[in-house]
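First the structure, in the form of structure tokens, and then the observations on it.
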Amino acid sequence: MCRASRATGQCRTGRLRFSRNHPAGYRERGRIRRSGARVGSPSVATLTPYQQLEQEFRRLHAFRGALAVLRWDAAVTMPRGSADVRGEQLAALELECHALLASPRLARLLERAQAGAVTLEDWQSANLREMRRLRDHAVAMPPSLIARLARAVAQAEARWREAREHNDFGVLVPQLEEVVRLVRSRAELLAQRFSLDPWDALADEFTPGLLSRDIDALFTPLSRRLPALVTEALERQAERPVLAIEGRFAPGRQRALCTEVMKALGFPFDRGRFDDCDHAFTEGVPGDIRVTASFNPRDPFQGLLGALHETGQALYDLGLPAAWVDQPVGQDRGMALEESQSLLLEMIVGRSRAFVAWLRPLLEKHYDVSGPPWSEDNLYACLNRVARGPNRSEADELTYQTHIVLRYELERRLLSGRLAVRELRDAWNDLSAQRLGLVPVSDVEGCLQDIHWATGAFGHFPSYGVGAVIAGQLWEAIREQEPGIDEEIRAGRFACLLDWLRQRVHAQGARFGVPELVRHATGRALSAAPFLRYLERKYSSDPPDRAAAGA
338 MCRASRATGQ CRTGRLRFSR NHPAGYRERG RIRRSGARVG SPSVATLTPY
388 QQLEQEFRRL HAFRGALAVL RWDAAVTMPR GSADVRGEQL AALELECHAL
438 LASPRLARLL ERAQAGAVTL EDWQSANLRE MRRLRDHAVA MPPSLIARLA
488 RAVAQAEARW REAREHNDFG VLVPQLEEVV RLVRSRAELL AQRFSLDPWD
538 ALADEFTPGL LSRDIDALFT PLSRRLPALV TEALERQAER PVLAIEGRFA
588 PGRQRALCTE VMKALGFPFD RGRFDDCDHA FTEGVPGDIR VTASFNPRDP
638 FQGLLGALHE TGQALYDLGL PAAWVDQPVG QDRGMALEES QSLLLEMIVG
688 RSRAFVAWLR PLLEKHYDVS GPPWSEDNLY ACLNRVARGP NRSEADELTY
738 QTHIVLRYEL ERRLLSGRLA VRELRDAWND LSAQRLGLVP VSDVEGCLQD
788 IHWATGAFGH FPSYGVGAVI AGQLWEAIRE QEPGIDEEIR AGRFACLLDW
838 LRQRVHAQGA RFGVPELVRH ATGRALSAAP FLRYLERKYS SDPPDRAAAG
888 A
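Residue numbers for the sequence shown, in this note's numbering: 338 to 888.
Here it is, written out as structure tokens:
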């Protein structure tokens with residue numbers, strides 16, 4: 338048994354067993370009960386202000402769960418012509434959420450609960466802090482803006498898919514202009530409320546505790562070192578050509594492979610789904626997680642790597658503290674942490690020698706293949722091949738950060754008004770030529786790659802880059818604390834990895850901000866240095882110690 342399992346008494350599946358003394362709560366007759374809360378449905382008169390707040394946020398959690406399922410349905414099964422109807426449904430639920438958060442009653446309860454905060458336990462205090470944070474964000478925006486943005490996003494998402502089908506960014510431009518206009522209004526209101534730069538005010542929802550200056554401090558050392566490291570990696574590759582992996586790989590076979598891998602990693606299919614979609618994503622709430630992936634018959638790895646990415650996020654959501662699942666403190670700590678879990682599985686673990694050794698027999702079984710191209714060494718070389726390509730979702734570890742910085746720069750220009758939506762295609766192509774050394778051959782390979790801006794998710798893209806940095810720091814800590822992790826992965830035993838993450842990251846919910854959570858998990862301040870060490874050991878022509886990276 339790995340150290341994390343021995344230390345916590347967790348079962349091999351990695352599920353938490355709360356004891357009576359666990360800060361998140363304890364089990365009573367098969368039910369999770371929070372300290373100080375009553376089992377059943379007591380009258381409001383018997384509840385403290387804080388306990389009444391818990392009831393209100395339990396309702397909010399239910400609304401958010403319904404929104405998640407509706408968004409998943411819109412992407413996976415909804416008829417294309419239903420976008421307007423779905424937009425009205427989403428707008429109605431968003432308004433209910435906003436009304437709850439902005440209500441005078443909630444304001445009074447928060448004030449009274451804060452007056453008695455000295456009596457709260459640690460998790461309750463953190464929960465109260467997150468309640469205030471959610472309300473502060475909500476009251477910064479009028480209901481009319483929320484409704485208009487929900488409708489605009491529903492229409493823009495549908496147009497984004499249509500634009501991709503026609504390979505024509507112009508199809509999306511009118512709807513995206515409306516989304517950007519509304520997001521600017523939202524950013525200005527949030528900026529006034531929190532005394533932040535408009536972009537920082539939006540990004541705070543994805544990377545709580547990090548501002549653009551903090552993100553720049555993480556990205557700058559990467560931008561300085563990675564171009565030369567990419568060149569070194571390309572030169573090393575040229576000396577050792579790989580055998581091409583060719584053929585057609587039916588989506589059904591790819592889906593079966595992904596399903597087996599996801600089961601081994603710990604994804605519970607009795608509480609989750611796995612579907613096809615044109616853009617991989619994860620949606621849902623703990624207990625009902627929806628994972629999607631896209632499959633290319635010419636590429637045996639695209640669907641698998643996408644599934645690994647989304648499974649990392651899904652396992653994070655499923656590992657959140659069960660006793661607080663319907664409260665703000667029991668939610669994830671923002672997209673940067675979610676991406677760290679995704680990229681840890683997809684980029685670091687999923688492309689390691691140990692994982693490839695375990696994966697190879699599964700590839701032979703599901704794809705009915707054999708021979709030198711499918712050897713362990715060749716598979717490892719193929720999965721870790723460095724190339725300057727146009728697609729973020731297909732990028733390797735070294736060039737991935739460049740894709741993120743490109744989007745980071747463009748969205749800040751869009752939000753500030755220095756770049757018009759109709760100019761985005763040309764600006765994207767120009768910056769791609771400067772940073773990646775290539776120009777996309779189509780809109781689908783360029784400015785139509787990602788759905789994020791159509792959904793109004795400005796401030797999201799840096800969370801991918803920050804997530805990669807966090808993943809590198811977590812991996813370094815895992816290898817220090819679990820020296821047998823390679824052998825566990827090589828044998829297809831992932832409970833040790835999952836237990837470590839559950840205990841130090843997942844089960845912490847939103848107790849801490851991003852920097853504090855990273856320090857709690859690793860014992861060190863958030864830094865790009867561990868990620869750079871990992872990349873140097875794996876790709877440099879003169880690595881300090883390649884074995885130490887798990888490369």
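Think of the CB as a built atom: it goes at the ideal place given N, C-alpha and C, for glycine as much as any other residue.
Since this is a predicted model, take the numbers as computed values, not measurements.
In this structure, what does DSSP give as the bridge partners for A323?
It is not possible to answer for residue 323, since the shown part of the chain is limited to 338 through 888.
Return the first residue and the last residue of the beta strand (DSSP E) that E760 is part of.
It is not in any beta strand (DSSP E) - E760 carries neither H nor E in the DSSP assignment.
State whether the region 517-536 contacts the region 819-836, with contact taken as three or more CB pairs (one from each stretch) at a distance under 8 angstroms.
no
Going straight from the alpha carbon of G296 to that of S679, what length do you get?
This structure cannot speak to residue 296, because the chain is shown only from 338 to 888.
Extract the residue ranges of the alpha helix (DSSP H) inside the region 439-504, only unbroken runs of 4 or more that lie entirely within it.
441-452, 459-476, 480-503
Just verifying my parser: in three-state terms, what is the DSSP assignment at D663?
coil
Can you give me the start and stop residues for the alpha helix (DSSP H) that G589 sits inside?
588-602
G640 lies in the beta strand (DSSP E); which residues open and close that run?
Here G640 belongs to no beta strand (DSSP E); instead the alpha helix (DSSP H) covers 639-655.
Rounded to whole angstroms, what is the Cα-Cα separation between P777 and D733?
17 angstroms
Can you name the start and end residues of the alpha helix (DSSP H) that V520 belongs to?
Looking at the DSSP string, the run of the alpha helix (DSSP H) that includes V520 is 510-531.
In or out: T414 buried (at least 16 other Cβ within 10 Å) or exposed?
exposed
Mapping the DSSP letters down to three states, classify T544 as helix, strand or coil.
coil
Pick helix, strand or coil for G418, following the three-state DSSP scheme.
helix
When burial is assigned at 16 or more other CB atoms within 10 Å of the CB, is F606 buried or exposed?
For F606, the number of other beta carbons within 10 angstroms of its own is below 16, and it is reported as exposed.
With DSSP collapsed to three states, give me the class of G783.
coil
Please classify T922 as buried or exposed, where buried requires at least 16 other C-beta atoms within 10 Å of its C-beta.
Since the displayed the chain opens at 338 and closes at 888, residue 922 lies outside it and no answer follows.
Which of the three DSSP states is assigned to V686 in this structure?
For V686, the three-state secondary structure derived from DSSP is helix.
For the alpha helix (DSSP H) containing E620, list its first residue and its last residue.
Premise fails: E620 lies in the beta strand (DSSP E), 619-622, not in any alpha helix (DSSP H).
When we look at the beta-carbon of Q529 and count the other beta-carbons within 10 Å, is it buried (16 or more) or exposed?
exposed
In angstroms with no decimal places, state the Cα-to-Cα distance between D312 and S730.
Past the edges of the chain, shown from 338 to 888, lies residue 312, and the structure says nothing about it.
Can you give me the Cβ contacts of S753 inside the same chain, cut-off strictly under 7 angstroms, excluding the 5 residues immediately before and after it?
none
So, at 6 angstroms on beta carbons, what are the nonlocal neighbours of A617 in its own chain, with the 5 sequence-adjacent residues on each side left out?
T629, A630, S631, G643, E647
Per the contact definition of three or more C-beta pairs closer than 8 angstroms, is the region 556-564 in contact with the region 671-688?
no
Using alpha carbons as the reference points, say which of L513, V455, D421 lies closest to W790.
L513
Which residue from N504, A444, S864 puts its Cα closest to that of V803?
S864
Evaluate the contact criterion for the region 481-492 versus the region 713-721: three or more CB pairs, one atom per stretch, below 8 angstroms.
no
When we look at the beta-carbon of D714 and count the other beta-carbons within 10 Å, is it buried (16 or more) or exposed?
exposed
One question on the structure: do A587 and P634 come within less than 8 angstroms of each other, judged by their Cβ atoms?
Yes.
Mind checking which residues open and close the alpha helix (DSSP H) that includes I741?
For I741, the enclosing alpha helix (DSSP H) has its first and last residue at 734-753.
May I have the straight-line CA-CA distance separating D410 from A493, to the nearest angstrom?
16 angstroms
Helix, strand or coil: which one does DSSP assign to D636?
Look at D636 here: in three-state DSSP terms it is strand.
With D410 as the anchor, note down where its alpha helix (DSSP H) starts and where it stops.
386-413
Tell me which residue opens and which closes the alpha helix (DSSP H) that G802 is part of.
Its alpha helix (DSSP H) spans residues 799-818.
Would the beta-carbon of L785 fall within 8 angstroms of that of A500?
In contact: L785 and A500 (Cβ atoms closer than 8 angstroms).
Between G656 and E853, how many whole angstroms is the CB-CB distance? I'm expecting something under 8 angstroms.
About 19 angstroms; that fails the 8 angstroms criterion.
Based on Cα-Cα distance, which residue from M599, L645, R848 lies nearest to G667?
R848
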